[in-house]
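Colleague: Those protein sequence lines, which keep their order, are chains U and L. The working numbering numbers the first residue of the first sequence as 15 and each following residue consecutively. The working numbering numbers the first residue of the second sequence as 21 and each following residue consecutively. For every residue, glycine included, the Cβ atom is placed at its ideal position computed from N, Cα and C. The structure is given below, and queries will be raised subsequently.
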Amino acid sequence: MTGKPMVRTLLTQGVPLLALYVVVLAGLNLGLIDDYLMATIATLCINIVLAVSLNLITGFTGQFSLGHAGFMAIGAYATGLITIAMPTVLGFIVGLLVGGLLSALVGFLIGLPTLRLRGDYLAIATLGLAEIIRIVLNNLEFTNGAAGLAGIPQLMDWNWFFILTVGSVILIRNFLRSRHGRDAIAVREDEIAAESIGVDTTRAKVLSFTVGAFFGGLAGGMYASYFYFIKPDTFGFLKSIDILVIVVLGGLGSLSGSVIAAILLAIISTVLQQFTELRMILYALLLVIIMVFRPQGLMGSREISLKVFGSLFKRKPAEPGEAR
Amino acid sequence: MKRTAILLAAGALSLSVFAGCSAKPVANAPEGGESADTIKIGLNYELSGDVATYGQASVAGIELAAKEINDAGGVNGKQIELVKYDNKSDTAEATTLATKLMAQDKVVAVIGPATSGGMKAQIQVAEKNQVPIVSGSSTADDLTVTNGKVNEYVFRTCFNDSFQGTSAANYSSEKLGAKTAVIIKDNSNDYSKGLAASFDAQFKANGGTIVGEEAYAKGERNFNSILTKIKGQSFDVIYLPGYYEEAGPAIKQARELGITAPILGADGYDSPKLAEAAGAGLTDVYFTNHYSSADTDPKVVEFIKTFKDANGEEPSAFNALGYDTMKFVADAVSRASELTGPAVKDAMAATKDFAGVTGTFSVDPETHNPVKSIVFIGYKDGKIAVTEKA
Numbered sequence: 015m016t017g018k019p020m021v022r023t024l025l026t027q028g029v030p031l032l033a034l035y036v037v038v039l040a041g042l043n044l045g046l047i048d049d050y051l052m053a054t055i056a057t058l059c060i061n062i063v064l065a066v067s068l069n070l071i072t073g074f075t076g077q078f079s080l081g082h083a084g085f086m087a088i089g090a091y092a093t094g095l096i097t098i099a100m101p102t103v104l105g106f107i108v109g110l111l112v113g114g115l116l117s118a119l120v121g122f123l124i125g126l127p128t129l130r131l132r133g134d135y136l137a138i139a140t141l142g143l144a145e146i147i148r149i150v151l152n153n154l155e156f157t158n159g160a161a162g163l164a165g166i167p168q169l170m171d172w173n174w175f176f177i178l179t180v181g182s183v184i185l186i187r188n189f190l191r192s193r194h195g196r197d198a199i200a201v202r203e204d205e206i207a208a209e210s211i212g213v214d215t216t217r218a219k220v221l222s223f224t225v226g227a228f229f230g231g232l233a234g235g236m237y238a239s240y241f242y243f244i245k246p247d248t249f250g251f252l253k254s255i256d257i258l259v260i261v262v263l264g265g266l267g268s269l270s271g272s273v274i275a276a277i278l279l280a281i282i283s284t285v286l287q288q289f290t291e292l293r294m295i296l297y298a299l300l301l302v303i304i305m306v307f308r309p310q311g312l313m314g315s316r317e318i319s320l321k322v323f324g325s326l327f328k329r330k331p332a333e334p335g336e337a338r
Numbered sequence: 021m022k023r024t025a026i027l028l029a030a031g032a033l034s035l036s037v038f039a040g041c042s043a044k045p046v047a048n049a050p051e052g053g054e055s056a057d058t059i060k061i062g063l064n065y066e067l068s069g070d071v072a073t074y075g076q077a078s079v080a081g082i083e084l085a086a087k088e089i090n091d092a093g094g095v096n097g098k099q100i101e102l103v104k105y106d107n108k109s110d111t112a113e114a115t116t117l118a119t120k121l122m123a124q125d126k127v128v129a130v131i132g133p134a135t136s137g138g139m140k141a142q143i144q145v146a147e148k149n150q151v152p153i154v155s156g157s158s159t160a161d162d163l164t165v166t167n168g169k170v171n172e173y174v175f176r177t178c179f180n181d182s183f184q185g186t187s188a189a190n191y192s193s194e195k196l197g198a199k200t201a202v203i204i205k206d207n208s209n210d211y212s213k214g215l216a217a218s219f220d221a222q223f224k225a226n227g228g229t230i231v232g233e234e235a236y237a238k239g240e241r242n243f244n245s246i247l248t249k250i251k252g253q254s255f256d257v258i259y260l261p262g263y264y265e266e267a268g269p270a271i272k273q274a275r276e277l278g279i280t281a282p283i284l285g286a287d288g289y290d291s292p293k294l295a296e297a298a299g300a301g302l303t304d305v306y307f308t309n310h311y312s313s314a315d316t317d318p319k320v321v322e323f324i325k326t327f328k329d330a331n332g333e334e335p336s337a338f339n340a341l342g343y344d345t346m347k348f349v350a351d352a353v354s355r356a357s358e359l360t361g362p363a364v365k366d367a368m369a370a371t372k373d374f375a376g377v378t379g380t381f382s383v384d385p386e387t388h389n390p391v392k393s394i395v396f397i398g399y400k401d402g403k404i405a406v407t408e409k410a
């Protein structure tokens with residue numbers, strides 16, 4: 015992309031994003047968005063990063079992982095512990111990076127042996143991994159065991175949420191458009207065919223697993239820094255399932271689907287809060303209904319991007335021509 | 021056709037969301053917590069998820085108390101209005117809902133969650149919005165006092181963990197005449213570890229010796245290896261702090277192995293399931309608790325009767341603590357100089373000789389812990405034989 019197309023990309027995709035950023039920022043400053051709405055936006059952003067990174071592993075590379083909460087836990091504890099020791103923006107950035115890299119390392123180490131195998135071994139291995147991480151955190155002294163880490167400085171704000179969420183989605187999208195991403199998709203489509211045309215399938219799988227783990231850790235760091243209290247139980251098996259629900263609901267292999275599903279579920283969950291006792295029943299019922307009518311997920315494997323804004327601009331100058 | 025219908029439904033749903041979002045704060049804004057005729061109290065409880073039983077039991081007690089208060093004319097002539105949310109036993113959800121209760125619903129106080137983790141997740145929200153939070157069952161020591169500093173807006177109506185461990189140690193030394201003890205703790209939860217540590221310290225201070233310390237993990241059902249190991253040692257009592265799920269089988273297996281030493285536990289034993297699991301082995305077993313349904317205090321007898329009439333079952337400690345917590349909040353609101361968070365908080369901290377069904381207590385302004393009595397419940401042949409207040 016050079017010259018004109020790049021400018022257009024910036025205009026069509028950058029402008030709507032910037033507008034979103036400014037609108038929320040203005041809302042926060044004018045008091046239209048209160049703490050509660052901000053907390054909902056925070057959950058939403060964290061879920062988007064989690065879902066998009068899991069989609070990379072499960073949706074695009076076709077490797078069924080049940081351990082995303084484990085990566086989230088590593089990132090959360092790394093960020094929590096580092097920012098408690100160093101409650102500054104620098105400490106926060108270091109915490110996020112250390113959390114992400116540590117998750118990536120663990121993902122790499124567990125992925126290397128298990129991803130050589132074909133089939134559902136990874137699901138079991140990652141499930142075990144997440145449980146091991148949780149139990150280790152439960153028993154370590156410096157993580158304060160089962161009581162959890164309290165009093166993590168709240169360094170996340172809307173600026174950080176915007177940068178990290180949009181940044182993660184763009185980076186993962188670019189990864190998918192790269193050679194490595196194409197390899198991953200080829201592996202999902204047909205592993206033997208991919209191998210026969212020279213794709214190093216293990217390398218492709220491990221790479222996308224590691225990248226997914228990195229962003230899972232990053233999301234954990236965002237969580238710890240916004241919700242300032244973490245305990246090992248938060249990152250249990252059900253958390254992994256929650257993330258998987260977003261991915262499947264949005265469509266395996268659709269980044270925009272993951273984003274849309276995360277937003278939709280946040281809205282549903284928020285609206286249902288008023289039906290205190292029935293809340294989880296209605297939530298589950300809605301999931302069932304959506305899956306019955308859209309078994310492939312909301313988006314299937316299709317994407318919509320911010321280019322739709324671009325096509326709006328493009329059509330206008332063409333109109334006089336059409337009129338003729 | 022189908023697709024159109026779903027699209028329409030989705031559209032309608034999202035529209036109603038936006039309508040809900042924009043309409044709500046506007047409608048609430050002029051009223052606030054000081055609306056003309058009601059006092060809003062928030063409930064942030066675990067109504068689904070892992071520890072839903074604790075949340076539901078607490079809420080049953082709270083709702084009974086609120087009904088009684090309202091039937092008697094409310095607080096200072098104003099009715100209590102409960103705003104109740106389910107935090108799914110999730111700490112982030114607890115934080116989010118605390119924010120919602122304080123920022124949107126404008127409550128004067130929040131009751132719950134039941135667990136210490138849930139409470140810790142809303143400390144900062146409470147301090148920021150200056151709204152007091154009260155729990156009836158969060159016993160972690162570091163909840164009200166963090167790093168030696170009291171959390172101004174955090175209160176509880178139950179005693180803390182170290183008090184239970186200390187009391188159990190004193191009971192062993194004084195009432196049971198124990199000189200030596202073995203501790204068996206659940207290494208996977210802090211509640212058990214905290215109790216074990218405070219028992220250990222106090223028992224040693226009383227001149228006793230801890231001859232052995234064993235650990236198990238949550239979900240364990242076979243304790244034979246631990247028990248066989250300690251069987252060869254000589255000791256006067258076993259301290260087994262934990263929950264009834266594990267304590268029940270452990271007690272049963274200990275008695276089957278012929279270990280006859282008294283076994284002491286804590287409020288995690290409080291469930292009819294303990295007797296079911298331990299069977300006839302449940303003899304010479306004592307545990308510390310918040311309240312006993314065998315209490316003959318007229319206030320307790322009255323509470324048990326009304327609770328049974330309303331819910332059809334004997335109240336548990338969670339029911340009783342929920343009931344007391346609601347009354348405690350109402351008492352503080354009635355004494356507060358005005359209906360604002362800081363004023364209610366000051367009134368709570370100044371509570372003196374509040375008479376509840378779990379005992380009469382005053383709030384210690386230094387730690388925000390209630391200074392109250394503890395109940396010892398002793399079993400013989402699977403039945404409650406002793407209840408003592410200490």
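#1: By the DSSP assignment, the beta strand (DSSP E) with glutamate 101/L in it spans what residues?
#2: 8 Å is my cut-off, CB to CB: does aspartate 171/U come that close to chain L?
#3: For a quick check, are the C-beta atoms of glycine 132/L and tyrosine 65/L less than 8 Å apart?
#4: Can you tell me whether glycine 285/L is helix, strand or coil according to DSSP?
#5: Just the Cα atoms here: how many angstroms apart are alanine 33/U and threonine 215/U?
#6: Using only alpha-carbon positions, find the residue among Val406/L, Lys98/L and Ile59/L that is nearest to asparagine 309/L.
#7: Using beta carbons (cut-off 8 Å, strictly below), is glutamate 291/U in contact with chain L?
#8: Relative to chain L, which residues along the region 235-263 of chain U have a C-beta separation below 8 Å, given in chain order?
#9: Relative to the alpha-carbon of phenylalanine 251/U, which residue among Ile60/U, Ala56/U and His82/U has its alpha-carbon at the smallest distance?
#10: Looking at chain U, is there any beta carbon in it that lies within less than 8 Å of the beta carbon of glycine 94/L?
#11: Taking C-beta to C-beta, are aspartate 256/L and serine 218/L nearer than 8 Å?
#12: In terms of DSSP beta bridges, what is phenylalanine 175/L paired with?
#13: To the nearest whole angstrom, what separates the beta carbons of serine 315/U and leucine 266/U, a pair I think is in contact under 8 Å?
#14: In whole angstroms, what separates the C-alpha of asparagine 96/L from that of glycine 28/U?
#15: Determine, using beta carbons only, whether threonine 166/L comes closer than 8 Å to chain U.
#16: Can you find a CB in chain U that lies within less than 8 Å of the CB of alanine 141/L?
#17: At which residues does the alpha helix (DSSP H) containing glycine 376/L begin and terminate?
#18: In the DSSP assignment, find the unbroken alpha helix (DSSP H) run with leucine 277/L in it and report its ends.
#19: Would you verify that the beta carbon of threonine 73/L is, or is not, closer than 8 Å to some beta carbon of chain U?
#20: Three-state secondary structure (DSSP) at aspartate 206/L?
#21: Since aspartate 49/U meets chain L, which of its residues come closer than 8 Å, beta carbon to beta carbon?
#22: Specify, as a first and last residue, the run of the beta strand (DSSP E) that phenylalanine 396/L falls within.
#23: DSSP state of proline 30/U, grouped into three classes?
#24: Taking C-beta pairs closer than 8 Å, name the residues in chain L that isoleucine 153/U reaches, listed in chain order.
#25: Does alanine 112/L have its Cβ less than 8 Å from a Cβ in chain U?
#26: What is the DSSP secondary structure of tyrosine 259/L, reduced to helix, strand or coil?
#27: Look up asparagine 309/L in the DSSP assignment and give the residues it is bridged to.
#28: Decide if the region 370-378 of chain L is in contact with the region 157-166 of chain L; the criterion is three or more beta carbon pairs, one per stretch, under 8 Å apart.
#29: Report yes if the C-beta distance between valine 103/L and valine 127/L is below 8 Å; otherwise report no.
#30: Distance check for glutamate 240/L and glutamate 155/U, CA to CA, integer angstroms please.
#31: Contact defined as beta carbons within less than 8 Å: I believe valine 433/L pairs with valine 154/L. What is the distance between those atoms, to the nearest angstrom?
#32: Quick one, which of Thr280/L, Tyr343/L, Asp304/L and Ile59/L has its alpha-carbon nearest leucine 84/L's?
#33: Indicate whether at least one CB of chain L lies closer than 8 Å to the CB of glutamine 168/U.
#34: Tell me where the alpha helix (DSSP H) around glutamate 83/L begins and ends.
#35: Cutting at 8 Å between CB atoms, please list the residues of its own chain near valine 231/L, excluding the five before and the five after it.
#36: Just how far apart, CA to CA, sit alanine 87/U and arginine 187/U?
Modeller: Short version:
#1: In the DSSP assignment, glutamate 101/L falls within the unbroken beta strand (DSSP E) covering 99-106.
#2: no
#3: yes
#4: strand
#5: If you take the alpha carbons of alanine 33/U and threonine 215/U, they lie about 41 Å apart.
#6: Val406/L
#7: yes
#8: Tyr237, Phe241, Tyr242, Phe243, Ile244, Lys245, Asp247 and Thr248
#9: His82/U
#10: no
#11: no
#12: Val154/L
#13: 7 Å
#14: If you take the alpha carbons of asparagine 96/L and glycine 28/U, they lie about 57 Å apart.
#15: Judged by the 8 Å Cβ criterion, threonine 166/L is in contact with chain U.
#16: Yes, alanine 141/L counts as interfacial toward chain U.
#17: Taken as a continuous stretch (DSSP letters only), glycine 376/L belongs to no alpha helix (DSSP H), being part of the beta strand (DSSP E) at 374-376.
#18: In the DSSP assignment, leucine 277/L falls outside any alpha helix (DSSP H) and carries neither an H nor an E.
#19: no
#20: strand
#21: For aspartate 49/U, the chain L residues whose Cβ falls inside 8 Å of its Cβ are Thr119, Met122, Ala123, Val145, Lys148 and Asn149, in order along the chain.
#22: 395-400
#23: In this structure, proline 30/U counts as helix in the three-state DSSP scheme.
#24: A quick correction: the sequence has asparagine, not isoleucine, at residue 153/U. For asparagine 153/U, the chain L residues whose C-beta falls within less than 8 Å of its own C-beta are Asn207 and Ser208, listed in chain order.
#25: yes
#26: strand
#27: Within the DSSP bridge table, the entry for asparagine 309/L names Val395/L as partners.
#28: no
#29: yes
#30: Between the C-alpha atoms of glutamate 155/U and glutamate 240/L there is a straight-line separation of about 22 Å.
#31: Shown here, chain L extends from 21 to 410; a query on residue 433/L therefore has no answer.
#32: Tyr343/L
#33: yes
#34: 72-91
#35: Thr200, Ala201, Val202, Gln253, Ser254 and Phe255
#36: 24 Å
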